[in-house]
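The sequence shown begins at 264 in my numbering and counts up by one.
Before any comments, here is the structure.
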Amino acid sequence: YIQSTLKRRPGYRTLERDLIQLQEQRLFQQFVVVSLRKASPGNTYIPEITQQFPTKFEKSSRLTREAEDRLRAIPKFCFPDCHDWRPSSDHTSETFSFVLTGEDGSRLFGYCRKILPSGKGKRLPEVHCIISRLGCFNLFSKILEEVERRREISPALVHPFMHSVMEAPFPAPGRTITVKSFLPGSGNEVLTLCRPVDSRLEHVDFESLLQCLSVTRLLQVFASLLLERRVIFIADKLSVLSRCAHSALALLYPFTWQHTFVPVLPASMLDICCSPTPFVMGALSPSLPEVLDMPIEEVSHFQGAYLSPLIFLIKDLGDEDCILPRKLQAAINLSHCGFIILTDQPDLSTLVSEAFVWFFVELVGHYSLYMSDTGPGGTRELQRDAFGKSHPSRGVRQFLQLFMDTQMFAGFIHDRELRKGGVKGKRRNIRIRVVFFRANHSF
264 YIQSTLKRRP GYRTLERDLI QLQEQRLFQQ FVVVSLRKAS PGNTYIPEIT
314 QQFPTKFEKS SRLTREAEDR LRAIPKFCFP DCHDWRPSSD HTSETFSFVL
364 TGEDGSRLFG YCRKILPSGK GKRLPEVHCI ISRLGCFNLF SKILEEVERR
414 REISPALVHP FMHSVMEAPF PAPGRTITVK SFLPGSGNEV LTLCRPVDSR
464 LEHVDFESLL QCLSVTRLLQ VFASLLLERR VIFIADKLSV LSRCAHSALA
514 LLYPFTWQHT FVPVLPASML DICCSPTPFV MGALSPSLPE VLDMPIEEVS
564 HFQGAYLSPL IFLIKDLGDE DCILPRKLQA AINLSHCGFI ILTDQPDLST
614 LVSEAFVWFF VELVGHYSLY MSDTGPGGTR ELQRDAFGKS HPSRGVRQFL
664 QLFMDTQMFA GFIHDRELRK GGVKGKRRNI RIRVVFFRAN HSF
């Protein structure tokens, strides 16, 4: 999956296109249980699939091949640190996720729950993993918690429950579905699953990101992502690594990261970090010495504190602190400082997100004024030269020229150029656009 993604020139990915591809899909594609098997000889372990549902693939040969490739890759992502495990009698359940990218650029999400099976004495953990095209972390976390509850009673209860989940209708954004199942001792139960209107903040925990990285470090990451450089996150825990990697990319909304994204990279695949193409990857801290010794092109500078639960490596050109225009950087800094102080703020993720949306509103919020009709078919085109010179601030204009050369900007504009009857007229009120994602995503 990853190697094929690095070799090809992917088509543009947009939020709208992702939603279209999800229509008439099943809630999930596969459910697997991954266990550790002791390698021979030695004291190391190898992850392998011990259960899967459904057991048969689609009839299409292409889909069958892709499903088989996916099955081979899943165990490594469920146990990216399989060599570090030892039998234990105590292990706290942990939820995390990973991303698989297909040959056509499509993405599949892997939602995982690592648990210690019921029993006595020391034993090895296992991972329950759901593979889905739907990016709804909270929804699948709820399903995995129910799977764990049934697994503690009897493994035989898991497959009937997952069958009921798969038979449930695919939920539209903002809609709720119910899953009925039988549980011994409790009788018939109804599980309510709600798909959020906006899954952009799913598995996004900006509070954890701010606790792991200072405002200065976070802005360096944000600036590097905007210019599509290479970023590697390092963390002690899978859950922290997964949350922070997803949260960092969520800062780019309404733009979409177009390149390789591997929030949890198995130790056996670390050599992928040597790729010359842009990427966002995550690795567990035991892999840090090996990563630092690799001939990683232009990812030579280590930033972050060893005392922090999250550190990161970025492509170091020495300009990370001055990439963002000072005017916009100061606005984000002030906003973040306010959010950090207001620790009792119940909607912190939305507030932090609005600060970065404000950045993009100031930077490119007026793009629709420079979209012109070019033919009878209703196609539209951005007047790039005029748009690049449109901002009154010289610093912003200089940054805008750099940003306009990125694939995420090209994908965003390409999607709007294909639309018919675009919005014209005077610039809409900024306040409305800051909260646009709560309504119709009309950016």
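Beta carbons are placed, not taken as given, at the ideal position from N, Cα and C, and that holds for glycine.
What do you reckon, are the CB atoms on residue i and residue j nearer than 9 Å?
i	j	result
Ser427	Val442	yes
Phe372	Ser395	yes
Thr642	Asp636	yes
Ser510	Thr523	no
Lys385	Ser356	no
Trp621	Ile595	yes
Ser550	Val503	no
Leu512	Trp520	yes
Phe730	Phe445	Because the chain in this structure spans residues 264 to 706, residue 730 falls outside the shown range and cannot be described.
Asp499	Ser548	yes
Ile312	Pro338	yes
Asn401	Pro350	no
Phe496	Gly545	yes
Ser381	Glu408	no
Ile535	Val525	yes
Arg589	Met634	no
Leu473	Leu481	yes
Gln288	Leu397	yes
Cys615	Phe672	In the sequence as displayed, the identity of residue 615 is Val instead of Cys. No.
Quick one: measure Cβ to Cβ for residue i and residue j, integer angstroms, because I've assumed they're closer than 8 Å.
i	j	result
Ser505	Ser360	5 Å
Leu489	Phe675	The Cβ separation is near 12 Å, so there is no contact.
Arg493	Pro432	That pair is no contact at about 41 Å.
Glu389	Val484	Not really, about 33 Å apart at Cβ, beyond 8 Å.
Glu617	Leu591	At roughly 14 Å, the Cβ-Cβ gap does not stay under 8 Å, so Glu617 and Leu591 are not in contact.
Ile440	Phe291	That belief does not hold up - the Cβ atoms of Ile440 and Phe291 are roughly 13 Å apart, past 8 Å.
Arg333	Leu363	6 Å
Arg376	His354	Between His354 and Arg376 the Cβ distance is about 12 Å, and since that is not below 8 Å, they are no contact.
Leu456	Lys405	6 Å
Phe316	His422	6 Å
Applying the 10 Å Cβ sphere with the 16-neighbour rule, what's the burial state of residue i?
i	result
Gly450	exposed
Gly448	exposed
Thr479	exposed
Pro310	buried
Cys507	buried
Arg657	exposed
Phe403	buried
Glu329	buried
Thr307	exposed
Val453	exposed
Ser487	buried
Gln646	exposed
His564	Confidence in His564 is poor, its pLDDT being 37 and thus under 50, which makes the residue's placement too unreliable to answer from.
Glu491	buried
Gly305	exposed
Gln293	buried
Arg335	exposed
Cys475	buried
Phe412	Residue identity check: residue 412 is Arg in the sequence provided, not Phe. Classification for Arg412: exposed.
Based on the DSSP output, what are the partners of residue i in its beta bridges?
i	result
Pro310	Leu299
Tyr374	Ser360 and Ile393
Cys708	Summary: the structure shown does not reach residue 708, with the chain confined to residues 264 through 706, and so no result is reported for it.
Thr523	Phe542
Met634	Leu645
Leu446	Gly450
Ser351	Arg386
Phe291	In the DSSP output, where bridge partners are listed per residue, Phe291 has none listed.
Phe342	DSSP, once it has assigned bridges, lists no residue as partnering Phe342.
Arg589	BP columns for Arg589 are empty, so no partner.
Arg493	Phe542
Three-pair Cβ contact test at 8 Å for the stretch 547-554 versus the stretch 656-663: no
At least three beta-carbon pairs within less than 8 Å, the stretch 526-534 to the stretch 336-351: yes
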